[in-house]
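So the sequences go chain by chain: A and B. All the letters of the first sequence, read from the start, carry residue numbers 1 to 369 under my numbering. All the letters of the second sequence, read from the start, carry residue numbers 1001 to 1401 under my numbering. We put the CB at the ideal spot given by N, CA and C, even for glycine. On a predicted model such as this, the values are computed, not experimentally measured, just so you know. Quick notes on the structure that follows.
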Amino acid sequence: MRSRSTFRVANRRVIKGDPRELARQLVFSRRGFLRSTAGMALGSALLHTSPFGFGATPQSKRKVVVITFGGGARDEETFTPEGQENIPHLMRELIPQSSFFTQVVNRGILGHYVATASLATGVYETNTWVVAPSNGFNRIGESSHRSFGLGCGAQVILPKYLLAAVTSSQADYGHLLRDSYETPLYAPTLSGNIFELEQLETMLKLSVDDFKAHAQTLSSPDELSVYIVRQLMRRFAPSLLWVTLHDIDIAHAGAYSLYIEGIRRTDRLCAELWKATQSEPEYKGKTTLFILPDFGRDSDEDAGGNGFQHHRTGDITSRTTWMMALGPGIREGVVYDRAVDSIDLVPTLGSMMGFTASLSKGKPIPEIL
Amino acid sequence: MRPEDLKPEQFNAYPPEARKLALEYLETFRRLPLSFLPSLLREVIEFDFKFPAERRLLEKELANLGSLSQQDLRAWFREFTEIKLSESLEKSDWVASPAQFVERLSAHLWTTHQMDAFRHAAVSYADKLRTAVAPELPASPRFGIAVIGQGVDVAPQPLFRKLRPYGAYFSAVNPENGLKHLFEAIASRANANPAQYAHWYIDGGEQLPHPPTVTCVSYKAMEQVRVALLARIHAETQKGGMGPEALRTLMAQLQPTDLGMAPSGDPVLNRFQIKLLTEGSGTQIFSTSFVQWAAREALRRAEPLTLLVRFAPRQRQKPMNELLSPSRDQVELDPSGSLVDADMGAYYNWIDQQRLPGSEKSLFLAWFENQKEAVAISPVLPRGTVSNETIDLRGILSWMA
């Protein structure tokens, strides 16, 4: 027999609306979640009154680490009340120390290689960079354009290539060698010629055996990347370190639990890298850390996609992400709601570090300068 | 070539019924913009292998287009005509290979920053079509069932969190004979509203005995096909110059018989199953991805009245290269991770069902297999509620009606 009295009402939350309304709700959701859980303040009122500045550290001594919270994660699995359990390190350790931008818009192509190139150049898809739909990160780092100066680009390390180079058989390391999750069945053959084996020993001071042995203790490619970053910090202490994390993109295989695992691992690795900057003498007290996704993923509501699995619809949730910045001179616990473009990062780095980003189409972000 | 230059003989390679349909609407095709027409032809060329519901929908869409005046057509397709195409796209054989054209069009739209404009045009067109062609309401309220968590005794996290706001959560389900009650329910519905492809059962493992009136797809039954597909992919990826796009094109061209399916089988269902593997992402390696995608595609294409989906444990994540190898050691399973996958999959099943006409009356039940938790969504059940009363699935089913 049916009895309505046997039910009790539980909480309910439904978000709907047109794209502009959805974008507004995304922003307000992130801000609301951050203010309620991390005690952060709205930043616009502080913009012109802050006594903080970055001036204490000379530009030449400044260090910047950029982490792309790679593969894209949605608010549902991160900043909503249900999602926060997946990012405990961001929520409890990093965000309270950071300036947080709730609305970072990527107006370019929503592919990881292309988007990373746009972030790194400050320009959406131009002919400056050769960016392939897969296996293309090896093209990032230096332009052949004469205005940039051949040989003056970034040194690119692709840990998976490195690992491929030291293993004659990929069998034992297969789980680390996947290049792209976009097409789960396609695993390209990797070559180790980007970063030669000699460089492994001469630059990173790692023997092939040590490197292989350590790799066997790691569960994911992103862990390998962080391991390499730690080596670089100790050996060379580069001024600008850019780390592209990518484990989250396993979502393309459609297994939600693996996507969540990727988010939790990325959250942990971000905190590890921040701690590394606080413990390494060359970085301590003079490092600014930026964390931002290259873009988001499709929403559950868009019939053209399949929810978290892909980032193919170009809908507002897949284009609108966030960014946090923390370090000396960066205001702590402040939330900024205004729209920032993802290509604004490079000119901001230029202003901080004293290089010109004149060809970038973005603008420096005054809130963190 | 432009649409206005279309000739009847260009459709000679289309399957018989598709060719007949194309020739019937040739004059209409000639009046459509190239940024739109291949997307339509991609559907037309598959007409012989479409489910009844999608056939009817396509026929209505074509009839509507055929009835529009030149002025109406200009209004309907103004945004599409503003999309700029490349010369190579225009020169491609989009009549014979519309799917390949659409794939290349997608890349072109992204690189020329026209994706948002195209997306807006497509949404606008779909809205107009929905207004012009009344949706076909189901003969009875749709009923979706998701059974999750096979092989798990204790869930690693609270279940059905996304579904609970829309229905009643039951915390004290008596699991005895649960599957039996569910199969009785779908048999009863299939008998009450008999129609081809109207009632479905999708299993992520081995299929259980089910009524012959119910269309069944199972991951286990597709095992040999999956092995054949993976072997084929493995062989192709070993060849030089094979990139992901070429692989995707190759997979899209595979026919059921290429992968060992009997030519005597149901051609429509065989084609559907092959597409699950060749067009889905992750469906070839994870049973949970297969089931979720199969359910989504069955709902989108066949618009069933009944859909019972039973998730099963997927294999533990292994290196992709190892997964691609056809012969390996015994597969390890990941029941706990599969439950998390399936919990989300059940939510997506419900969302996909709600996209169909008649959603305001539709029913949905998700159950943690052989355990005490379930959530039921029905117009007659209060939303966002919890019941701690002991009840079996037959009882819940009766409450939902």
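Separation of Ser358/A and Ile365/A (C-alpha to C-alpha, rounded to the nearest whole angstrom) is 15 Å. Under the 10 Å beta carbon count, Gly354/A is surrounded by fewer than 16 other beta carbons and is classified as exposed.
In the DSSP annotation of this structure, the continuous segment of the alpha helix (DSSP H) that includes Arg1296/B starts and ends at 1287 to 1297. For Ser360/A, the nearest beta carbon of chain B is not closer than 8 Å to its own beta carbon.
The C-beta of Lys1275/B has 16 or more other C-beta atoms within 10 Å across all chains shown, which makes the residue buried. The beta carbon of Ile1396/B lies closer than 8 Å to those of Phe1170, Val1173, Leu1365, Ala1374, Ala1376 in the same chain, with the five residues before and after it left out. Shown here, Arg1394/B sits in a helix according to DSSP, grouped into three states.
Taking a C-beta distance under 8 Å as the contact criterion, Phe1049/B and Leu1021/B do not qualify as a contact pair.
The shortest C-alpha to C-alpha distance from Asp1153/B to any of Pro1379/B, His1210/B, Ser1218/B, Ser1336/B is the one to Ser1336/B.
Under a 10 Å Cβ-count criterion, Lys284/A is classified as exposed, with fewer than 16 other Cβ atoms of the shown protein chains found around its own Cβ.
Within chain B, no C-beta atom comes less than 7 Å from the C-beta of Glu223/A; the nearest is roughly 15 Å away. Under the 8 Å Cβ criterion, the region 1297 to 1310 of chain B counts as touching the region 1188 to 1204 of chain B, having at least three qualifying pairs. No Cβ of chain A is located within less than 8 Å of the beta carbon of Gly1358/B. In the three-state reduction of the DSSP assignment, Phe355/A falls in the coil class.
In the structure shown, the three-state DSSP call for Trp1076/B is helix. Counting only residues of its own chain and dropping the five nearest sequence neighbours on each side, His246/A has a CB closer than 6 Å to the CB of Gly70, Gly71. If you draw a straight line from the Cα of Leu1333/B to the Cα of Thr1288/B, it comes to about 12 Å. Less than 8 Å divides the Cβ of Leu1363/B from the Cβ of Ser1378/B. According to DSSP, residue pairing for Leu292/A in a beta bridge involves Thr68/A.
Bounds of the alpha helix (DSSP H) holding Gln1224/B are 1223 to 1238. Under a 10 Å Cβ-count criterion, Phe236/A is classified as exposed, with fewer than 16 other Cβ atoms of the shown protein chains found around its own Cβ.
No Cβ-Cβ contact shorter than 8 Å links Glu85/A with Ala271/A. Look at Gly314/A: its C-beta is under 8 Å from a C-beta on chain B. The region 1002 to 1012 of chain B and the region 325 to 345 of chain A do not touch, with fewer than three beta-carbon pairs separated by less than 8 Å. When the five nearest sequence neighbours on each side are left out, the beta carbons in the same chain lying within less than 7 Å of the beta carbon of Trp274/A are those of Leu94, Leu289, in order along the chain. When secondary structure is reduced to three states using DSSP, Thr287/A falls in the strand class. Rounded to whole angstroms, the Cβ separation of Asp302/A and Asp315/A is 5 Å, and the two are in contact under 8 Å. Per DSSP, the unbroken alpha helix (DSSP H) holding Ser257/A starts and ends at 256 to 279. Nearest CB-CB separation between Asp247/A and chain B: not below the 8 Å threshold. Within chain A, Gly254 have C-beta atoms less than 7 Å from the C-beta of Gln1292/B, given in sequence order. Ile1351/B has a beta carbon lying within less than 8 Å of a beta carbon in chain A.
Rounded to whole angstroms, the gap between the alpha carbons of Ser1088/B and Ser1067/B is 32 Å.
At a C-beta separation below 7 Å, Met1115/B has these neighbours in chain A: Gly314. When Cβ-Cβ separations below 8 Å define contact, Tyr1014/B makes no contact with chain A.
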